[in-house]
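Protein chains in written order, with my numbering: chain A, 65 to 592; chain B, 5 to 346.
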């Protein structure tokens, strides 16, 4: 019995000691920024490979690009000191900067990075392909004029600003070619080495990345404009929204950016915290498979557009995540047209379905990633469409399941999201208005419209013309025409809500401004 | 008590290996049936089909299923678990990092559940239908019926956010990160070895809540089983005889009942320990605990087969080894089972 008693006492002692001696609420140190988020999707930190938003947020602080975009969408210099634009291309002069390794940033590094992007040929190269860059021609397009000067020729007819905005993307980050070339294995361009390390000139360097646990960035003392104020930036994996909320409330993290709408609400009027709603220029979209026997009919698609209660869903489900909008150009962008009169109108939707020959309705499946707020959005759509006689069965899945079904055209309805790679009508509409070859053989799974089997030759042509138009006024007119055409065609990729990324910050944090493409830079952030 | 023969140990080891092979085949097949797409996760959603196909070939996913299985098993036999898509590291490196975190959590949980569960079960049986018994039954019922996820969140709300008694999610506070170099991977042990008491207490304040919550369900089971084993013994003639001779209830329990139920208890504890290793999954997610459970969950999300298979094998192996040792203990402590097994 003595041993039993001892066991109980010992156990209780451990509990008591731990409870009694646990450190009292310790606020995060003043020179360290702690961000609570989910890093589960961060699979690579190779800037020419990673396109996942959370990876972008980290990469944008490890690397510099030639140019960057300000949070309100203007081009600003980063590694480029200046640039001159002529009819055939853009020439960049580089400023004095060094990589964290101590190597100077040279024109050759810029050329190497862009060539590497095209030769690795992963998702990151897609935007450059759209303006005529290929693995075969990139070396003739991008050249080092001298040690500190780089020249980009305009491939095809795309005007220079389309190039500049692409050079501001995370995938155009400039890497230390001397360092990376030491670690090439076979034909991998150093990818195996670089995906878990950093070789950039950005304000921070990668100290540690423990998958699903933590990513630590250290200040780069050699940064071109001086060392950042934060000695360390820590991305702490906290995938569960409620837990993240508690950590923020208790001061264990300074910033949370993966909260559900319900947890966000708590911080709306709470003192000591600020909520930022970062516009992305992208949308939550209802993709309809036009290859489906019902959805191929524009009348059916129009009926569905009238069968959704946008206002109620915005209020109850989307909250800080979205604003109702059914044209794929954000409301406050230049040349945006007003949304069409699609709003819940059960009688009109039923009449359209009857005209199409389906007065008794039909059944469809809706695939969605099981993630806030899309999962709740799916349920709301199901309830809304039931009113017009369209029975919807929801199929949830993880990212890879749903995306592969989307790529394979294997769905009836699906709920993807988009983002704008440049802050103008073209940047936002790109995913919605171009499908050069709708045949199954084209297998253009990287194209958002192709996945919906939606054949739009006229709109595709108009988009290509707008992209090649150098005169801004004429281009503006074309943007308007594109949106009108889009509405007229009764889209199979129906934008529902403009997409925002809500974040909550402790008021100790100063100078944090969320970036639309998740390229938020942290060198100017300070803490009280 | 006779010694266990070498042949007997070999026979059981062979059974163990066969079980592992069956587990491997089963996990591989289930993995193949899942509609996940690791290639898309690597090359990105917007990648062209050519880039997609190239990566598919690089990952060996274009081979027929039986060849993929052969390649995988061949690698395993050579100690190569393959590379994880999730991290780009060899899976063995990832698991060497994740397993100690789970092991530390599950071990503390099994210790807590044993030191509380066994005495509680004994007392409940001894004072059958008394207050202690009723409390034990309620505790056991609650432990069985409330989901760990909910318990975890409530625990955090009360003890972490409200009372400020315990550390938050994760294994340690961020400003202690990276100070102690991992030797065993067990933070409590490593911090003591490194002579860093502050870090030890910080780590303990972080592990105590998830371990207690994980322990609770196991404790409920252990209490229930201990109670029923003890009740069974209490109705045996030898106990009645002992009591008739005037032996006190405590001495009866310690001197007679406990040795007789020890063998059964070992099995229960082994099952609980294995269950805790597996069951840590949900707890790890709630508490952002970087263990095998969380590693496996994330691997599942992208269909990273090397990582899923290897994590399954490690957990399965731990479970089987525990059963193996429990069996051995059984055979050593209770010669009757050994005789019949032969």
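Glycine residues also receive a C-beta, built at the ideal position from the N, C-alpha and C atoms.
Please list, in chain order, the chain A residues whose beta carbon lies closer than 8 Å to that of residue i.
i                      : result
residue 155 of chain B : Neighbours of residue 155 of chain B on chain A: none; closest Cβ ~13 Å, over 8 Å.
residue 276 of chain B : The premise fails here: residue 276 of chain B is roughly 15 Å from chain A at the closest Cβ pair, so nothing lies under 8 Å.
residue 89 of chain B  : 107
residue 101 of chain B : 274
Residues of chain B with CB under 7 Å from residue i, in chain order?
i                      : result
residue 301 of chain A : 292
residue 187 of chain A : 47, 48, 49, 50, 51
residue 436 of chain A : Result: empty, since nearest Cβ-Cβ is about 15 Å, beyond 7 Å.
Sort out for me which residues DSSP pairs residue i with in a bridge.
i                      : result
residue 57 of chain A  : There is simply no residue 57 of chain A to check, as chain A begins at 65 and stops at 592 in what is shown.
residue 343 of chain A : A/564
residue 352 of chain A : A/477
residue 207 of chain A : A/215
Which of helix, strand or coil does DSSP assign to residue i?
i                      : result
residue 217 of chain A : strand
residue 293 of chain B : coil
residue 212 of chain A : coil
residue 402 of chain A : coil
residue 306 of chain A : helix
residue 271 of chain A : strand
residue 173 of chain A : helix
residue 21 of chain B  : helix
residue 77 of chain A  : Note that residue 77 of chain A scores 42 on pLDDT, short of 50, meaning its location in the model is unreliable and no value can be drawn from it.
residue 87 of chain A  : Unreliable placement is indicated for residue 87 of chain A, whose pLDDT of 44 sits below 50; no coordinate value is reported for it.
residue 5 of chain B   : Confidence in residue 5 of chain B is poor, its pLDDT being 42 and thus under 50, which makes the residue's placement unreliable; the coordinate value appears in the next sentence. If DSSP states are grouped into helix, strand and coil, residue 5 of chain B belongs with coil.
residue 151 of chain A : coil
residue 588 of chain A : coil
residue 120 of chain A : helix
residue 459 of chain A : strand
residue 436 of chain A : coil
residue 368 of chain A : helix
residue 557 of chain A : strand
residue 145 of chain A : strand
residue 82 of chain B  : coil
residue 197 of chain A : coil
residue 97 of chain B  : helix
residue 162 of chain A : strand
residue 257 of chain B : helix
residue 67 of chain A  : With a pLDDT of only 38 at residue 67 of chain A, under the threshold of 50, the placement of this residue in the model should not be trusted; the figure read from the coordinates follows. Note: residue 67 of chain A maps to helix in three-state DSSP.
Alpha carbon to alpha carbon, how far is residue j from residue i? Give it in angstroms, no decimals.
i                      : j                      : result
residue 246 of chain A : residue 167 of chain A : 13 Å
residue 340 of chain A : residue 272 of chain A : 28 Å
residue 217 of chain B : residue 346 of chain A : 42 Å
residue 269 of chain B : residue 232 of chain B : 11 Å
residue 64 of chain B  : residue 93 of chain A  : 46 Å
residue 122 of chain B : residue 257 of chain B : 12 Å
residue 478 of chain A : residue 234 of chain B : 58 Å
residue 304 of chain A : residue 286 of chain B : 11 Å
residue 151 of chain B : residue 215 of chain B : 15 Å
residue 308 of chain A : residue 324 of chain A : 10 Å
residue 205 of chain B : residue 11 of chain B  : 47 Å
residue 450 of chain A : residue 456 of chain A : 7 Å
residue 170 of chain B : residue 145 of chain B : 26 Å
residue 516 of chain A : residue 535 of chain A : 32 Å
residue 15 of chain B  : residue 273 of chain B : 23 Å
residue 89 of chain A  : residue 310 of chain A : The predicted model places residue 89 of chain A with a pLDDT of 48, which falls under 50 and marks its position as unreliable, so this point remains unresolved.
residue 153 of chain B : residue 297 of chain B : 14 Å
Quick one: list the residues of chain B neighbouring residue i, beta-carbon separation under 9 Å, in chain order.
i                      : result
residue 272 of chain A : 181, 182
residue 205 of chain A : By Cβ distance, chain B contributes nothing, its closest Cβ being about 19 Å from residue 205 of chain A, past 9 Å.
Who are the neighbours of residue i on chain B, taking C-beta pairs under 8 Å?
i                      : result
residue 464 of chain A : 40, 41, 42, 44, 45, 305, 306, 307
residue 593 of chain A : Look at the range of chain A in this structure, 65 to 592, and you will see that residue 593 of chain A is not part of it.
residue 467 of chain A : 41, 44, 49
residue 524 of chain A : Within 8 Å Cβ-Cβ: nothing; residue 524 of chain A doesn't reach chain B, min ~17 Å.
Residues of chain A with CB under 9 Å from residue i, in chain order?
i                     : result
residue 55 of chain B : 184, 185, 186, 187, 189, 510
At 7 Å on the CB atoms, spell out the chain A contacts of residue i, in chain order.
i                      : result
residue 289 of chain B : 303, 304
Original post:
For the region 277-311 of chain A, which residues have a beta carbon sitting closer than 7 Å to at least one beta carbon of chain B?
Top reply: Taking 7 Å as the upper bound on Cβ-Cβ separation, chain B lies near residues 277, 278, 280, 298, 300, 301, 302, 303, 304, 306, 307, 310, 311 of the region 277-311 of chain A.
Original post:
In chain order, what residues of the region 493-514 of chain A put their CB closer than 7 Å to some CB of chain B?
Top reply: So the close ones are 507, 509, 510.
Original post:
When you check each C-beta in the region 295-319 of chain B against every C-beta of chain A, which residues fall closer than 7 Å?
Top reply: Residues passing the 7 Å Cβ filter: 298, 299, 302, 305, 306, 307.
Original post:
Relative to chain A, which residues along the region 147-178 of chain B have a C-beta separation below 7 Å, given in chain order?
Top reply: Hits within the stretch, in order: 157, 160, 161, 164, 165, 168, 169, 170, 171, 172, 173, 174, 177, 178.
**OP:** Please name the residues in the region 311-324 of chain A whose beta-carbon is closer than 9 Å to at least one beta-carbon of chain B, in chain order.
**Re:** 311, 313, 314, 316, 317
**OP:** Anything in the region 247-265 of chain B with a Cβ closer than 9 Å to a Cβ of chain A? List those residues in chain order, please.
**Re:** Listed in chain order, the positions of the region 247-265 of chain B with a beta carbon within less than 9 Å of a beta carbon of chain A are 254, 255, 257, 258, 262.
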